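Colleague: Here the sequence shown is numbered in my numbering, starting from 7 and rising by one per residue. A single structure is presented below for examination.
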Amino acid sequence: MSGPPSRESRFPFADRPRLWGVAVSHYQVEGNDSCDWTAWEASGKTRGGPCGGAAGSWEQYESDADLAASAGSNAFRFSISWSRVEPRPGEWNDDALDRYARFVEHLVARGIEPVVTLFHYTHPTWFHERTPWTSPASVDRFRKFAAMVARRLGDSVRAYTIFNEPLVFVLAGFLDGQIPPGLADSRAAAKALDHIFAAHAAAAAEIRAMNPTAAIGIAHNMMSFAPDRWWNPLDRLVARVGDRFYNASVFEAMITGEWSLWLPPAIRFRGKRPELAGSLDFAGVNFYSRLHLRCPGHERLLGDYRYDDRTGIGLTDNGWEIVPDVLPRLLRIAGATNLPVVVTENGLADGDDRLRARFLREHVAAIRDARRLGTDVHGYFHWSLVDNYEWLDGFEPRFGLFAVDQATMARRARPSSALFRDLGHAFLRGE
């Protein structure tokens, strides 16, 4: 009797060794989804107002897939709305599951690889009260959701990024209180991280039970950290600590099943989940920018952080530095897992499309450099296909290859989408 498929046989795919595509998330593009973020917006805790209809993709997913194909994509990363699928505990919405299944069928028919994310920041309205991430019950609740989705989508989906940016979610939701559930409690943060890791392992087991050849990944946000003053030893120290805490620790936990994350002076997350080991088939990297750290800081004793245009390329519309040269090093950290690497998100807010062409060229060149230096990069997903709702900032940042008219939901190709297509053709040829 043969055993389960090896990690090497799951990813990369023999018939599609490289993925070139776009990424979206359900809440940011679908619209009209009642979840924990809906109440968060209603309470005035965002700068950008309500999401409302977002980009109208719930009705337009198939035409969005056609746009992705026209831009040269052979893959499309999207997420499943837990609140749509399970609006009340244990009650499954077949209509929502069928809607996602039809979208997957359309992608496959167009020759586009669906890459499904199960968690992208939002929760059903009942979750934080009934089974919050601080409770062990959250693990089984998420496991059942993952099993239901995997059962409905079947073997049409060969790749999952189960959690999108779990560390960002824990830091913003349980330490800084910027997103739901809005806590500022390091003990709660430690419990939440433990249960999220356990939920990832449980979901991976459920997906593989349904589809043994499915490839499991994570989309981990990585950030470059630099000393604000290169000559200052304290600035250099906090940059090293930030890099270690933020970039390497999640991958190490996923590979070893153990973690010890230290954020001075007093925050430490420690834990052990042996079932995590072997739960990944590829390492996904979300990369956008670099932070410059100064210690001591004016606002925080440990240090202040800021974006700054040290490259001279110019800042994005939301003030982020563009720094492609640091990407190979971050990909090397992901590659230290000995797993294939996929850039699961990379993009910029650029409503006038004045910087995106150079951004795309230089980040693709950085991926080429990373491959030349030995990092096994097998995919790139641009954030985003269309302009969307940007969490705390609303609709002002424009990340899309295609602009969206919020009044009509009509799409319009930005000039950089043609370059994206040309770069994709070269990437898929192995150039």
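Glycine residues also receive a C-beta, built at the ideal position from the N, C-alpha and C atoms. All values derive from a computational prediction rather than experimental measurement.
Leaving out five residues on either side along the sequence, give the residues of the same chain with a beta carbon under 6 Å from the beta carbon of Gly277.
Modeller: Residue mapping note: residue 277 aligns to position 271 of the sequence shown, counting from 1. Excluding positions up to five away in sequence, the list reads Asp200 and Trp265.
Colleague: Would you call the stretch 384-391 and the stretch 16-27 touching, i.e. three or more CB-CB distances under 8 Å?
Modeller: In short, these stretches touch, since the Cβ pair count reaches three.
Colleague: Would you report the Cα separation of Ala220 and Trp88, rounded to the nearest angstrom?
Modeller: Here residue 220 corresponds to residue number 214 of the sequence shown, with the count starting at 1. Here residue 88 corresponds to residue number 82 of the sequence shown, with the count starting at 1. Those two C-alpha atoms are separated by around 20 Å.
Colleague: Spatial neighbours of Pro138 within its chain, please: C-beta separation below 7 Å, excluding the five flanking residues on both sides.
Modeller: For this step, residue 138 is matched to residue 132 along the sequence shown. Within the same chain, Pro138 has close Cβ partners Ser144 and Pro187.
Colleague: Please tell me whether Leu282 and Ala207 are closer than 8 Å, where the distance is taken between their beta carbons.
Modeller: Taking the sequence shown and counting its residues from 1, the one referred to as residue 282 is at position 276. Taking the sequence shown and counting its residues from 1, the one referred to as residue 207 is at position 201. In this structure, Ala207 lies closer than 8 Å to Leu282 by Cβ.
Colleague: Could you give the DSSP three-state label for Asp438: helix, strand or coil?
Modeller: This structure leaves residue 438 out entirely; the chain is present only between 7 and 437.
Colleague: Please report the distance separating the alpha-carbon of Met7 from that of Pro239.
Modeller: If you number the sequence shown from 1, residue 7 lands on position 1. If you number the sequence shown from 1, residue 239 lands on position 233. Because the pLDDT of Met7 is 43, which lies under 50, any placement of that residue in the model is unreliable, and the question is left without a value.
Colleague: For Arg83, is the classification buried or exposed, using 16 other Cβ atoms within 10 angstroms of its Cβ as the cut-off for buried?
Modeller: Stepping through the sequence shown from its first residue, residue 83 is reached at position 77. Answer is buried; the Cβ neighbour count reaches 16.
Colleague: Determine the DSSP secondary structure at Met7, reduced to helix, strand or coil.
Modeller: Within the sequence shown, numbered from 1, the residue matching residue 7 stands at position 1. Per-residue confidence for Met7 stands at a pLDDT of 43, beneath the threshold of 50, marking its modelled position as unreliable; no derived number is given.
Colleague: Between the beta-carbon of Gly50 and the beta-carbon of Phe401, is there less than 8 Å?
Modeller: For this step, residue 50 is matched to residue 44 along the sequence shown. For this step, residue 401 is matched to residue 395 along the sequence shown. No, Cβ-Cβ distance for Gly50 and Phe401 is not below 8 Å.
Colleague: Where does Ser12 sit, in a helix, a strand or coil, going by DSSP?
Modeller: Working through the sequence shown from its first residue, we reach residue 12 at position 6. Three-state DSSP puts Ser12 in coil, outside helix and strand.
Colleague: Grab the span of the beta strand (DSSP E) containing Phe293 for me, first residue to last.
Modeller: If you number the sequence shown from 1, residue 293 lands on position 287. Looking at the DSSP string, the run of the beta strand (DSSP E) that includes Phe293 is Phe288 to Arg300.
Colleague: Please name the residue or residues paired with Tyr311 in a DSSP beta bridge.
Modeller: Residue 311 sits at position 305 when you count from the first residue of the sequence shown. According to DSSP, Tyr311 bridges with Leu299.
Colleague: Measuring CB to CB, does Ala372 end up less than 8 Å from Pro330?
Modeller: The sequence position of residue 372 within the sequence shown is 366, counting from 1. The sequence position of residue 330 within the sequence shown is 324, counting from 1. In contact: Ala372 and Pro330 (Cβ atoms closer than 8 Å).
Colleague: Given a threshold of 16 other Cβ atoms within 10 Å of its Cβ, counted over all protein chains shown, does Ala196 qualify as buried or as exposed?
Modeller: Along the sequence shown, one-based indexing puts residue 196 at 190. That one is buried.
Colleague: Taking all protein chains shown into account, decide if Arg6 is buried (16 or more other Cβ within 10 angstroms of its Cβ) or exposed.
Modeller: Lying outside 7 to 437, the shown extent of the chain, residue 6 is not represented and no answer is given.
Colleague: Return the residue from the list Asn253, Glu396, Ala416 and Val347 that minimises the CA-CA distance to Ala289.
Modeller: Counting from 1 along the sequence shown, the entry for residue 289 is found at position 283. The candidate whose alpha carbon is nearest that of Ala289 is Val347.
Colleague: Give me the DSSP bridge partner(s) of Glu351.
Modeller: As a position in the sequence shown, residue 351 is number 345, starting the count at 1. Partner(s): Asn292.
Colleague: What are the boundary residues of the beta strand (DSSP E) that includes Pro233?
Modeller: The sequence position of residue 233 within the sequence shown is 227, counting from 1. From DSSP, the beta strand (DSSP E) with Pro233 extends over Ala221 to Pro233.
Colleague: Between Thr317 and Ala107, what straight-line distance do the alpha-carbon atoms span, to the nearest angstrom?
Modeller: Residue mapping note: residue 317 aligns to position 311 of the sequence shown, counting from 1. Residue mapping note: residue 107 aligns to position 101 of the sequence shown, counting from 1. For Thr317 and Ala107, the distance between alpha carbons rounds to 44 Å.
Colleague: Going by the DSSP bridge assignment, what does Pro120 pair with across the sheet?
Modeller: Looking up residue 120 in the sequence shown gives position 114. Partner(s): Phe82.
Colleague: So Val114 and Ala102 are in contact, right, with Cβ under 8 Å, and what is the actual spacing, rounded?
Modeller: Locating residue 114 in the sequence shown gives position 108, where the first residue counts as 1. Locating residue 102 in the sequence shown gives position 96, where the first residue counts as 1. In fact, because the Cβ distance is near 19 Å, the residues do not count as touching under 8 Å.
Colleague: Check each candidate in Ile118, Arg149, Glu47 and Val174 and name the one with the smallest Cα separation from Ala165.
Modeller: For the purposes of this step, residue 165 is taken as the residue at position 159 of the sequence shown. Nearest option by C-alpha distance: Ile118.
Colleague: Taking the alpha carbon of Ile261 as the point to measure from, which residue in Val30, Ser192, Leu345 and Arg300 has its own alpha carbon closest?
Modeller: For this step, residue 261 is matched to residue 255 along the sequence shown. Per the Cα distances, Leu345.
Colleague: Output the distance between the C-alpha atoms of His298 and Gly380, rounded to the nearest integer angstrom.
Modeller: As a working note, residue 298 is residue 292 in the sequence shown. As a working note, residue 380 is residue 374 in the sequence shown. The alpha-carbon atoms of His298 and Gly380 are separated by roughly 28 Å.
Colleague: If you pair each beta-carbon of the stretch 241-258 with each one of the stretch 214-231, do three or more pairs fall below 8 Å?
Modeller: Cβ pair count under 8 Å is three or more, so yes.
Colleague: Report the residue from Tyr127, Leu177, Gly183 and Ala20 whose alpha carbon sits nearest the alpha carbon of Phe275.
Modeller: The residue you call residue 275 lines up with position 269 of the sequence shown. If we check each option's Cα against that of Phe275, Leu177 comes out closest.
Colleague: Let me make sure I understand the geometry here. Which of Asp323, Leu337 and Ala376 has the alpha-carbon closest to that of Phe257?
Modeller: Here the question's residue 257 lines up with position 251 in the sequence shown. Checking every option, the nearest Cα to that of Phe257 belongs to Leu337.
Colleague: Between Asp146, Ala194, Glu111 and Leu173, which lies nearest to Gly160 when the distance is taken from Cα to Cα?
Modeller: Locating residue 160 in the sequence shown gives position 154, where the first residue counts as 1. Checking every option, the nearest Cα to that of Gly160 belongs to Glu111.
Colleague: Quick one: Cα of Glu171 to Cα of Pro280, how far?
Modeller: One-based indexing of the sequence shown puts residue 171 at position 165. One-based indexing of the sequence shown puts residue 280 at position 274. Approximately 21 Å between the Cα atoms of the pair.
Colleague: Kindly list the residues whose CB is nearer than 8 Å to the CB of His134, restricted to its own chain and excluding five residues on each side of it in sequence; keep chain order.
Modeller: As a first step, residue 134 is located in the sequence shown; it is residue number 128 there, counting from the start. Excluding residues within five positions, the ones whose Cβ falls inside 8 Å are Asp42, Pro186 and Pro187.
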